[in-house]
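In the working numbering, the protein residues as written are 51 to 153.
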């Protein structure tokens, strides 16, 4: 006999109340860290030289990027990849959070 599959929404309804889900979402939002690029690099324990080498950038370019307030996505991507991470861009629209593709 084949087992009937259930969608995540069906499982979620049985596991969590709406209030529990809302509280978990509020908790997750509070836990998201906000850092500028320099703080992020320092939190990883890496030097500008290490990140610049991994990001295939000059150290002076990386230093300028850390001081800027307006960044190109390509620069941010290289910087974050130089830290060993992955850049994800999300948009919050109408109370929903959407991960943007192709940016």
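Quick reminder that beta carbons are idealized off the backbone N, C-alpha and C, glycines included.
Contact check, residue i vs residue j, beta carbons under 8 angstroms
i: residue 153; j: residue 129; result: no
i: residue 91; j: residue 133; result: yes
i: residue 141; j: residue 125; result: no
i: residue 149; j: residue 138; result: yes
i: residue 109; j: residue 99; result: yes
i: residue 93; j: residue 131; result: no
Run of the beta strand (DSSP E) containing residue i, from where it starts to where it stops
i: residue 142; result: 140–143
Residues bridged to residue i (per DSSP)
i: residue 146; result: 143
As assigned by DSSP and simplified to three states, the class of residue i
i: residue 151; result: coil
i: residue 77; result: helix
i: residue 155; result: Nothing about residue 155 can be reported from this structure: the residues present for the chain run from 51 to 153 only.
i: residue 64; result: helix
For residue i, the first and last residue of its enclosing alpha helix (DSSP H)
i: residue 125; result: 123–132
i: residue 118; result: Here residue 118 belongs to no alpha helix (DSSP H), and DSSP marks it neither H nor E.
Practice prompt. Could you name each continuous alpha helix (DSSP H) segment of 4 residues or more that falls completely within the stretch 66–111, going from the start of the chain to the end?
Written response: Here the runs fully enclosed are 68–81, 87–94, 98–105.
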